[in-house]
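For the sequence shown, our numbering begins at 2 and goes up steadily by one.
A short worksheet on the structure shown next.
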Amino acid sequence: MDFTPALTTRLLIVDDDPQIRTMLAEYLATFGMEAQGAEGGAAMRAAMASEQFDLVILDLSLPGENGLTLCREIRDSSNVPVIMLTARAELADRVVGLEVGADDYVTKPFEMRELVARIHTVLRRSRGEARRAAPAATGHETRFGIWRLNTTLRQLVDAEETVVPLSNAEFRLLLTFIENPNRVLDREMLINNARGRDLDVFDRSIDLLVSRLRQKLRDDPRDSALIRTVRGEGYVFTGNVEH
């Protein structure tokens, strides 16, 4: 059964090819989605400053500022889901895309219906997380070390009240860790919780995601106070969690 959003879904398509932007917008409209096009970074920033979007479709191979740079910029200031389009199928491209905060990727050439399915998957997961956080309207916080994680606002805040942006995958991974302190979590569980069972993921991506989360938590892997590697098994969160 096709997933049809109750409210109009607003998408931003960032691609330098006007034909691709038009083709995608027209096709997505048949599924009840409104799509706006942007040819590059400047147009993307202008669109995101003036409107709110439910999801961004971002081409990797843009002239000038490439998709990786723009994805990192989006993730530094927003939790809007990002699906990357890439004409290259090498593992390294997929790993880097996930590393900078993309929620999923589609390799060109692709079936249009596959892209729609991936959009629906990412939106279901994103909206599901928002619903789960909704009861904590006052802003439930979990504390560990110098950090506070607000699960309503999805914000990580340090002792100096500095907000550290988290991607959707980083937020899910951190939430999994703090909900399972002092327990060894294998890579399969972390992959399923951080990205969802219906995405095409691989073991190496979770290691990169953990590395990125450690950097944001300022947790030195050589002398970790929060996320410790258990060789051959996975990771364990050793922070003192206060709910």
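Note that beta-carbon positions come from the ideal geometry of N, C-alpha and C, so glycine has one too.
Since the model is a prediction, treat every value here as computed from it, not as a measurement.
- Residue range 142-145 is occupied by the beta strand (DSSP E) that includes Thr-143.
- In this structure, the alpha-carbon of Arg-184 lies about 43 Å from that of Leu-63.
- Per DSSP, reduced to three states, the secondary structure at Arg-229 is strand.
- Shown here, Thr-70 sits in a helix according to DSSP, grouped into three states.
- Asp-224 carries a helical assignment under DSSP once its states are collapsed to helix, strand and coil.
- The beta-carbon separation of Gly-41 and Gly-65, rounded to 6 Å, stays under the 8 Å limit for a contact.
- Between the region 16-25 and the region 44-52 there are fewer than three C-beta pairs closer than 8 Å, too few to call the two in contact.
- In this structure, Ser-168 places its C-beta atom within 7 Å of the C-beta atom of Arg-76.
- Taking a C-beta distance under 7 Å as the contact criterion, Arg-119 and Phe-54 do not qualify as a contact pair.
- For Gln-20, the enclosing alpha helix (DSSP H) begins and ends at 19-30.
- When beta bridges are read from the DSSP output, Ala-39 appears opposite Val-15.
- Minimum Cα-Cα distance from Gly-146 among the listed residues Glu-27, Phe-32 and Gly-240 corresponds to Gly-240.
- Out of Arg-114, Pro-82 and Gln-156, the CA that lies nearest to the CA of Arg-125 is found in Pro-82.
- Using a 10 angstroms sphere on the CB of Val-101, the tally of other CB atoms reaches 16 or more, which defines it as buried.
- The residue from Met-113, Met-190, Leu-116 and Arg-215 with its alpha-carbon nearest to that of Trp-148 is Arg-215.
- By the C-beta density criterion, Val-15 is buried, having at least 16 other C-beta atoms within 10 angstroms.
- If you draw a 10 Å sphere on the C-beta of Glu-171, you find 16 or more other C-beta atoms in it, and that means buried.
- Annotated three-state conformation of Thr-10 is strand, per DSSP.
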